[in-house]
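A.B. asks:
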Amino acid sequence: QKEVEQNSGPLSVPEGAIASLNCTYSDRGSQSFFWYRQYSGKSPELIMSIYSNGDKEDGRFTAQLNKASQYVSLLIRDSQPSDSATYLCAVSGSARQLTFGSGTQLTVLP
Amino acid sequence: GAVVSQHPSWVICKSGTSVKIECRSLDFQATTMFWYRQFPKQSLMLMATSNEGSKATYEQGVEKDKFLINHASLTLSTLTVTSAHPEDSSFYICSAGQGGTDTQYFGPGTRLTVL
């Protein structure tokens, strides 16, 4: 069974700090990896996608992928209170289905 | 781009009635749409994969006769919860895939409360 593991948190960081979110996955054949942000009571919003080893940067967000270690991470620089949400790691499998981790709850303290 | 809408955003119904939820891709064609359910404090659970013009593929444990899915066009998929019961109360979210990628864009969700 394909699994995606995340620390559930909660993770608290002060405003302006770097928030680091981690995710591991079990299916070595996975090719596509995603980070979604979900505010309470809302649906997930795509933040980043990453397909190859290394770093991918988009504004304050950096996704890192290490397929050998089956590890994906998301760094949020200059964290803002508005970044407070649950962050979901998702891995694509067959039929383009996504397997989600349980999410990490992030709180950015002003 | 890549906007997905859902209707209604919330619905309250009596036990035993049926509820239909619509999912539309507004600015792209989606050959595949996905339906998820999310209970409070839990992650998303995939219910079924919906392909345009064919029968949906349901995940293990999801009753296909209770959760009817129709994907009649490249921009519309519907989920009908038949004979709803209080335990069906949940947040139902659809997503659509764009083009040849694995990226899924989510609708805003429908909160169903069954009394």
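Those sequence lines, one after another, are chains A and B. My numbering puts the first residue of the first sequence at 134, with every later residue one more than the last. My numbering puts the first residue of the second sequence at 22, with every later residue one more than the last. The beta-carbon is built from N, C-alpha and C at its ideal position, and this holds for glycine as well.
With which residues is B:LEU133 paired in a DSSP beta bridge?
C.D. replies: Beta-bridge pairing links B:LEU133 to B:VAL32, B:SER111.
A.B. asks: What runs of the beta strand (DSSP E), each 3 residues or longer, lie entirely inside the stretch 42–104 of chain B?
C.D. replies: Counting whole runs of 3 or more residues, the stretch 42–104 of chain B contains the beta strand (DSSP E) stretches 53–59, 66–72, 88–94, 97–102.
A.B. asks: Going straight from the alpha carbon of A:GLN139 to that of A:ALA201, what length do you get?
C.D. replies: Approximately 18 Å, taken between the alpha carbons.
A.B. asks: What residues in its chain sit with their C-beta under 6 Å from that of A:TYR158, if we drop five residues either side in the sequence?
C.D. replies: Answer for A:TYR158: VAL137, GLN203, VAL224, listed in chain order.
A.B. asks: For B:GLY37, report the span of its beta strand (DSSP E) as first-last.
C.D. replies: Segment: none, B:GLY37 is in no beta strand (DSSP E) and carries neither H nor E.
A.B. asks: Which partner residues of A:GLN139 appear in the DSSP bridge assignment?
C.D. replies: DSSP, once it has assigned bridges, lists A:CYS156 as partnering A:GLN139.
A.B. asks: May I ask which residues mark the beginning and end of the beta strand (DSSP E) holding A:LYS189?
C.D. replies: Residues 187–191.
A.B. asks: Going by DSSP, name the residue or residues bridged to A:GLU178.
C.D. replies: Bridge partners of A:GLU178: A:ARG170.
A.B. asks: Taking all protein chains shown into account, do 16 or more other C-beta atoms lie within 10 angstroms of the C-beta of B:HIS92, making it buried, or fewer, making it exposed?
C.D. replies: Flag for B:HIS92 reads buried.
A.B. asks: I need the straight-line Cα distance from A:SER206 to A:SER153, nearest angstrom please.
C.D. replies: Spanning the two alpha carbons is a distance of roughly 7 Å.
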